[in-house]
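Quick note on numbering: this note's numbering labels position 59 of the sequence shown as 230, and the sequence is numbered without any gaps.
First the structure, in the form of structure tokens, and then the observations on it.
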Amino acid sequence: MLVVQIPALNEEETLAEAIAAIPRSIPGVSKVEVLVIDDGSTDRTVEVAWNAKADHVLEMSSHVGLARAFSAGIEYALSLGADVIVNTDADNQYCADDIPALIDPILKRKAQIVVGARPIREIEGFSPLKKTLQRLGSWVVRLASKSEIPDAPSGFRAYSRDAAARLCVVNTYTYTLETIIQAGRKHIPMTSVPVRVNKVTRPSRLFRGIGEYVTRSARTIMRVFVIYAPLKFFLTLSAVFALPGLIGVGRFLYYYATDGGAGHIQSLVLSGVLLAMATILFAVGILADLIATNRSLLEDIRARELLRAPIRPTEVISLDPVRAVENG
């Protein structure tokens, strides 16, 4: 079964069109269901979802952000018994006719995550600066994840059941960058397919400007890297402090051997401080690596729980902090 999930926040104007565009019959898929995740909308989003024949509507108790709404949708889709989960936007940005191409690598067991690559250069709604930043950001994510995904910020993507259960989003801003880096670190097979986009109907609500987008994206990449590669991160920082410290010590020893070291005590003190910082960062790296190992074990346990026998919506009592709402 394929579940197409649509996170939505005040999308009453475009949601019906996005749902109607989703193909309900796809070769190789026994059933297609649509799940709308309402992220605390204050307009008619929920009503529009039901009227547009959404199969499931998951209402968040309040506005919690795109990343948490996405995660809640993934867990709920897994509880429905989804074999493949496709995520798309409620503003109908992505061409739903490309869903069969998006899930094809998963059906053929060539990948477990497939990201739709937009024709960035051809999108009229993107300024030259935004196009450049999109390419730069995707390049950074490719380095961090050791993957070849050309359009990392794309929200049009497909997940196999196993991959969806293994991903655990901790960021509250967006899931797009984090899930790619996380999947790369967990060696989950990923690929990308070209997809089409529809005409932009409104500016993005995820960020207020390019500056905020760059700042938040950089923070997300850094945080995920620290979480999943803490030893490498802190050892690198430790080396940054240790190297000048060792050079300072060597300089002092040289002058001590040649003229008794008179007048060079300050460099020795500074070197001691730098080496002390390097030692602290090294110790923090060891502790962070142990914590990361424990986190990995907890994520494995969580994945096993999510992959257990699926439960139907009538059996779902609570997905705190979300509430499951079924039609009828």
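The beta carbon of each residue, even a glycine, is placed where N, CA and C say it ideally should be.
Note that the structure is predicted; figures quoted are calculated from it, not measured.
Counterpart residues of residue i in DSSP-defined beta bridges
i: L173; result: V203 and V255
i: H227; result: L206
i: Y265; result: V368
i: P178; result: I208
i: G287; result: V364
i: A449; result: DSSP output for A449 lists no bridge partner at all.
i: R328; result: N258 and V286
Under 8 Å between C-beta atoms of residue i and residue j
i: D210; j: V235; result: yes
i: D268; j: I291; result: no
i: F423; j: S409; result: no
i: V147; j: V397; result: Since the displayed the chain opens at 172 and closes at 499, residue 147 lies outside it and no answer follows.
i: L229; j: A238; result: no
i: I177; j: P271; result: no
i: I190; j: A225; result: yes
i: A253; j: V200; result: no
i: E368; j: R289; result: First, the residue type needs correcting, since residue 368 is Val and not Glu in the sequence shown. It is a contact, given that the beta carbons lie within the stated cut-off.
i: A449; j: A413; result: yes
i: G421; j: V366; result: no
i: R306; j: N342; result: no
i: L446; j: F405; result: no
i: G416; j: S388; result: no
i: E349; j: T391; result: yes
Beta-carbon contacts of residue i that lie in its chain and below 6 Å, excluding the five residues immediately before and after
i: I488; result: Unreliable placement is indicated for I488, whose pLDDT of 33 sits below 50; the coordinate value is still reported in the next sentence. None.
i: H227; result: L206
i: Y247; result: L229
i: K202; result: M172
i: I351; result: V312, S316, I320 and A323
i: C339; result: E470
i: A192; result: A267
i: A463; result: P401
i: E204; result: V174 and D226
i: L278; result: G199
Near the ligand ATP: residue i beta-carbon under 7 Å from a heavy atom
i: P271; result: For the structure depicted, the ligand ATP is absent and the ligand set is empty, with no information on it obtainable.
Buried or exposed by the 16-neighbour rule on C-beta atoms within 10 Å, applied to residue i
i: I418; result: exposed
i: A354; result: buried
i: A428; result: exposed
i: P346; result: Position check: residue 346 holds Tyr in this sequence, whereas Pro was assumed. Classification for Y346: buried.
i: Y265; result: buried
i: I436; result: exposed
i: Y330; result: buried
i: I245; result: buried
i: N465; result: exposed
i: S212; result: buried
i: D262; result: buried
Same chain, Cβ closer than 8 Å to residue i, neighbours up to 5 away in sequence not counted
i: E486; result: Model confidence at E486 stands at a pLDDT of 36, short of 50, so the residue's coordinates are unreliable and nothing is read from them.
i: S309; result: I320, P321, D322, A323 and P324
i: L478; result: L249, R332, D333 and A336
i: I472; result: none
i: L273; result: V257, V285, G287, F327, R328, A329, V364 and V366
Same chain, Cβ closer than 7 Å to residue i, neighbours up to 5 away in sequence not counted
i: A474; result: A336 and R337
i: A282; result: P276, P360, M361 and T362
i: T216; result: A179, N181, E182, E183, L186 and D209
i: D491; result: At D491 the pLDDT is 39, less than 50, meaning the model places this residue with poor confidence; the figure from the coordinates comes in the next sentence. Counting only Cβ-Cβ distances below 7 Å, and skipping sequence neighbours, we find nothing.
i: S318; result: I351, G355 and M361
i: R195; result: V203
Inter-stretch contact at 8 Å, needing at least 3 Cβ pairs: the region 316-331 / the region 245-261: yes
Taking 8 Å as the threshold, find out whether the region 210-228 comes into contact with the region 172-188 through three or more Cβ pairs. yes
Taking 8 Å as the threshold, find out whether the region 396-404 comes into contact with the region 447-466 through three or more Cβ pairs. yes
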